[in-house]
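Trainee: One structure, as structure tokens, below. Some questions next.
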Amino acid sequence: MLQVHYKKVSHAFEYPFTISKGTKTQQEALVIALGMGPYWGFGEACKIDYYGIDLDAMISLLESKKQVIQKYALTDPERFWHFLHHLFPDQHFLIAALDCAGWDLFAKMRQKKVYQLIGVEQLHALSTNYTIGLAEPTEMLEKMKAHPWPIYKVKISNANDIDTLALLRAHTKSLIRIDANEALDVTTTLKLLPEFEKLAIELIEQPIAKDNYEGMQELKAKSSIPFYADEACVTENDVIRCKNAFHGITIKLSKCGGITPALRMIKEARSLGMSIMLGNMNECSIGTAALVHLQHLVDKMDADGPLLLKEDSGKGLFYEHAIACVEDKNGLGIQAL
5 MLQVHYKKVS HAFEYPFTIS KGTKTQQEAL VIALGMGPYW GFGEACKIDY
55 YGIDLDAMIS LLESKKQVIQ KYALTDPERF WHFLHHLFPD QHFLIAALDC
105 AGWDLFAKMR QKKVYQLIGV EQLHALSTNY TIGLAEPTEM LEKMKAHPWP
155 IYKVKISNAN DIDTLALLRA HTKSLIRIDA NEALDVTTTL KLLPEFEKLA
205 IELIEQPIAK DNYEGMQELK AKSSIPFYAD EACVTENDVI RCKNAFHGIT
255 IKLSKCGGIT PALRMIKEAR SLGMSIMLGN MNECSIGTAA LVHLQHLVDK
305 MDADGPLLLK EDSGKGLFYE HAIACVEDKN GLGIQAL
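The working numbering applies: residue 5 is where the sequence shown begins, and numbers increase by one.
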């Protein structure tokens, strides 16, 4: 019989984490464990206000279907996702946590790593960025100096942030990616593009409103810097919508529903000639570990959730030279504490 356990956790950020949509000092999450005999698999779903994700509501849903889940015969992770997809319609964050736990558990039962189950022979390491949240320019510079890193992702919210970017660039030769979280408009972005080019910005994530595909097509046509969709690319249905508007997509497991749909999104994006970055929702090690197993299939990594947190509810994930790694163990390579 499949066992289902869960607990609410809260992890403090090292610094207040501010983006254009607000500020957080704590990241609340639900850690889910699925068990079968001596084996346990783990997944994580974070509370994200601007996506309407409430942990108590998630727990109520999980409790209402707990007995149904416990009767499920886990014989294939992909079939398990389809079961969850029908059991919890449109509950992508909850499904993602259960899906990742299912992959972790099934791989442990088969005495394999998750990346082996999905057909990857050996992990290909990608450096992840370190995110610098919005703050006063001098504070953002201090964050950068306190965390020497080969790639930074810098949050921006308006045209004045070009001065902050210039300040950061004056103190580092590292790659710089920027993320506006929909805060800019087409006119402002067009005006800033030459400045972004001078500062050698590597990529721009979601500069304008997620549904402004026409505006993004105009920006894409006039930019030498690639644009990546974030809020505009949540689930599988969004990939084709982004084809003409963005150079690449950012896939976040919590938003799309877990490893299973992420694999389909990767396959479709590749068929459309789009680049792919794996992103995170500030999960701890538990929710970040799955990204390590998918990195061979993508181009860029934004897997810095545990780096931004002072606390962790898992163990087994670590960073070597800016590369997210997991212990050489079956499953996802992590354990919940």
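Every residue gets a Cβ at the ideal spot worked out from N, C-alpha and C, and that includes glycine.
(1) Taking the alpha-carbon positions, what's the Ile208 to Tyr76 distance?
(2) Just tell me which of Gly318, Glu331, His325, Pro310 has its CA closest to the CA of Tyr19.
(3) Which whole-angstrom value is the C-beta distance of Ala294 and Cys50, which I expect to be below 8 Å?
(4) So the beta strand (DSSP E) Ile160 belongs to, where does it begin and stop?
(5) Beta carbon of Ile255, beta carbon of Met269: below 7 Å?
(6) Please classify Lys304 as buried or exposed, where buried requires at least 16 neighbouring CB atoms within 10 angstroms.
(7) Could you give the C-beta distance for Asp308 and Tyr134, rounded to a whole number, given that I count them as a contact under 8 Å?
(8) Where does His89 fall in DSSP's three states?
(9) Starting from the N-terminal side, write out each stretch of the beta strand (DSSP E) that is 3 residues or longer and does not extend beyond the segment 221–288.
(10) Give the DSSP-derived three-state secondary structure of Tyr54 in the structure shown.
(11) In chain order, what residues of the same chain have a beta carbon less than 8 Å from the beta carbon of Ile205, not counting five sequence neighbours either side?
(12) Looking at the structure shown, is Ile63 part of a helix, part of a strand, or coil, going by DSSP?
(13) Name the DSSP bridge partner or partners of Ala77?
(14) Extract the residue ranges of the alpha helix (DSSP H) inside the segment 179–221, only unbroken runs of 4 or more that lie entirely within it.
(15) What distance in whole Å lies between the Cβ atoms of Ile280 and Ile253, which are believed to be in contact at a cut-off of 8 Å?
(16) Hey, would you say His96 sits closer than 7 Å to Lys214, going by beta carbons?
(17) Count the other CB atoms within 10 Å of the CB of Ala340; is the residue buried (16 or more) or exposed (fewer)?
(18) Output the distance between the C-alpha atoms of Val118 and Glu48, rounded to the nearest integer angstrom.
(19) Please go through the same chain and pick out, in chain order, the residues whose beta-carbon is closer than 7 Å to the beta-carbon of Glu222, but skip the five residues on each side of it.
(20) Return the chain-ordered ranges of every beta strand (DSSP E) run that is complete within the segment 109–135 and spans a minimum of 3 residues.
(21) If you reduce the DSSP assignment to three classes, tell me which class Gln95 lands in.
(22) Since Thr29 is in the beta strand (DSSP E), which residue starts that stretch and which ends it?
(23) Figure out for me which residue from Ser227, Ile327, Leu313, Gln71 has the closest Cα to the Cα of Leu197.
(24) Alpha carbon to alpha carbon, how far is Thr29 from Asn162? Give it in angstroms, no decimals.
(25) Alpha carbon to alpha carbon, how far is His15 from Asp167? Give it in angstroms, no decimals.
(26) Looking at C-alpha atoms only, which residue of Pro154, Ser64, Glu324 is the closest neighbour of Lys177?
(27) Let's test the definition: count the other Cβ atoms within 10 Å of the Cβ of Asp94 and tell me whether it reaches 16, buried, or not, exposed.
(28) Would DSSP call Thr142 helix, strand or coil?
(29) Using the beta-carbon count (16 or more within 10 Å), is Ala61 buried or exposed?
(30) In three-state DSSP terms, what is Ala174?
(31) Is Asn185 near Ile23, with beta carbons less than 7 Å apart?
(32) Can the beta-carbon of Ala225 be found less than 7 Å from the beta-carbon of Cys246?
(33) My assumption, with CB atoms under 8 Å, is that Gly261 sits in contact with Ile99. Please give the rounded CB distance.
(34) According to the Cβ coordinates, are Lys69 and Leu91 closer than 7 Å?
(35) Between Thr27, Ile244, Leu282, Leu313, which lies nearest to Leu298 when the distance is taken from Cα to Cα?
(36) Beta carbon of Leu138, beta carbon of Lys159: below 7 Å?
Mentor: Here's the rundown:
(1) In the sequence shown, counting from the first residue as 1, residue 208 sits at position 204. In the sequence shown, counting from the first residue as 1, residue 76 sits at position 72. C-alpha separation (whole angstroms): 43 Å.
(2) Along the sequence shown, one-based indexing puts residue 19 at 15. Per the Cα distances, Pro310.
(3) Walking along the sequence shown from the start, residue 294 turns up at place 290. Walking along the sequence shown from the start, residue 50 turns up at place 46. The distance from the Cβ of Ala294 to that of Cys50 is about 13 Å, inconsistent with a contact at the 8 Å cut-off.
(4) Counting from 1 along the sequence shown, the entry for residue 160 is found at position 156. For Ile160, no beta strand (DSSP E) encloses it, and the DSSP letter there is neither H nor E.
(5) The residue given as residue 255 occupies position 251 in the sequence shown. The residue given as residue 269 occupies position 265 in the sequence shown. Result yes, Cβ atoms of Ile255 and Met269 sit closer than 7 Å.
(6) The sequence position of residue 304 within the sequence shown is 300, counting from 1. So Lys304 counts as buried.
(7) As a working mapping, residue 308 is identified with position 304 in the sequence shown. As a working mapping, residue 134 is identified with position 130 in the sequence shown. With a Cβ gap of about 5 Å, Asp308 and Tyr134 count as contacting.
(8) On the sequence shown, position 85 is the one that residue 89 refers to. Here His89 carries a helix assignment [DSSP, helix/strand/coil].
(9) When DSSP assignments are scanned along the segment 221–288, the uninterrupted stretches of beta strand (DSSP E) that are 3 or more residues long and fall wholly within it turn out to be 231–233, 252–256, 279–283.
(10) Within the sequence shown, residue 54 is the residue found at index 50, counting from 1. Correct three-state label for Tyr54: helix.
(11) For the purposes of this step, residue 205 is identified with residue 201 of the sequence shown, where counting begins at 1. Here Ile205 has Leu169, Ile180, Arg181, Ile182, Ile229 as same chain residues with Cβ atoms under 8 Å from its own Cβ, once five neighbours each way along the sequence are excluded.
(12) As a first step, residue 63 is located in the sequence shown; it is residue number 59 there, counting from the start. In the three-state DSSP reduction, Ile63 falls in the helix class (H, G or I).
(13) One-based indexing of the sequence shown puts residue 77 at position 73. Beta-bridge pairing links Ala77 to no other residue.
(14) Taken in chain order, the complete alpha helix (DSSP H) segments of 4 or more residues contained in the segment 179–221 are 190–202.
(15) The count along the sequence shown starts at 1 and reaches residue 253 at position 249. The count along the sequence shown starts at 1 and reaches residue 280 at position 276. Rounded to the nearest angstrom, the Cβ distance from Ile253 to Ile280 is 6 Å, consistent with a contact under 8 Å.
(16) Counting from 1 along the sequence shown, the entry for residue 96 is found at position 92. Counting from 1 along the sequence shown, the entry for residue 214 is found at position 210. His96 places its beta carbon 7 Å or farther from that of Lys214.
(17) Walking along the sequence shown from the start, residue 340 turns up at place 336. The residue in question, Ala340, is buried, as its Cβ has 16 or more Cβ neighbours within 10 Å.
(18) Position 114 of the sequence shown, counting from 1, holds the residue named residue 118. Position 44 of the sequence shown, counting from 1, holds the residue named residue 48. Put simply, the backbone Cα of Val118 is about 16 Å away from that of Glu48.
(19) Here residue 222 refers to the residue found at position 218 when the sequence shown is read from its first residue. Cβ neighbours of Glu222 beyond the five flanking positions: Val190.
(20) DSSP runs (the beta strand (DSSP E)) wholly in the segment 109–135: none.
(21) Against the sequence shown, residue 95 aligns to sequence position 91. For Gln95, the secondary structure class from DSSP, reduced to helix, strand or coil, is coil.
(22) For this step, residue 29 is matched to residue 25 along the sequence shown. Per DSSP, Thr29 belongs to the beta strand (DSSP E) from 26–40.
(23) Numbered from 1 along the sequence shown, position 193 holds the residue referred to as residue 197. Among Ser227, Ile327, Leu313, Gln71, the Cα nearest to that of Leu197 is on Ser227.
(24) In the sequence shown, the residue the question calls residue 162 occupies position 158. In the sequence shown, the residue the question calls residue 29 occupies position 25. C-alpha separation (whole angstroms): 22 Å.
(25) Start at 1 with the first residue of the sequence shown, and residue 167 comes out as number 163. Start at 1 with the first residue of the sequence shown, and residue 15 comes out as number 11. Rounded to whole angstroms, Asp167 to His15 spans 32 Å at the Cα level.
(26) Along the sequence shown, read from residue 1 onward, the residue named residue 177 stands at position 173. Cα-wise, what sits closest to Lys177 is Pro154.
(27) Sequence index remark: in the sequence shown, residue 94 carries index 90 (1-based). Answer is exposed; the Cβ neighbour count stays below 16.
(28) Against the sequence shown, residue 142 aligns to sequence position 138. In the displayed model, Thr142 falls within a helix according to three-state DSSP.
(29) Sequence index remark: in the sequence shown, residue 61 carries index 57 (1-based). Only exposed fits Ala61, as fewer than 16 other CB atoms lie within 10 angstroms of its CB.
(30) Taking the first residue of the sequence shown as 1, we reach residue 174 at position 170. Three-state DSSP puts Ala174 in coil, outside helix and strand.
(31) Working through the sequence shown from its first residue, we reach residue 185 at position 181. Working through the sequence shown from its first residue, we reach residue 23 at position 19. Asn185 places its beta carbon less than 7 Å from that of Ile23.
(32) Reading the sequence shown from its first residue, position 221 is the one you call residue 225. Reading the sequence shown from its first residue, position 242 is the one you call residue 246. No, the Cβ-Cβ distance between Ala225 and Cys246 is not below 7 Å.
(33) As a first step, residue 261 is located in the sequence shown; it is residue number 257 there, counting from the start. As a first step, residue 99 is located in the sequence shown; it is residue number 95 there, counting from the start. Rounded, the Cβ-Cβ distance is 5 Å, consistent with contact.
(34) Looking up residue 69 in the sequence shown gives position 65. Looking up residue 91 in the sequence shown gives position 87. Yes, they are a contact pair.
(35) For this step, residue 298 is matched to residue 294 along the sequence shown. Nearest in C-alpha terms to Leu298, of all of Thr27, Ile244, Leu282, Leu313, is Leu282.
(36) The residue labelled residue 138 in the question sits at position 134 within the sequence shown. The residue labelled residue 159 in the question sits at position 155 within the sequence shown. Between Leu138 and Lys159, the C-beta gap is smaller than 7 Å, which places the two residues in contact.
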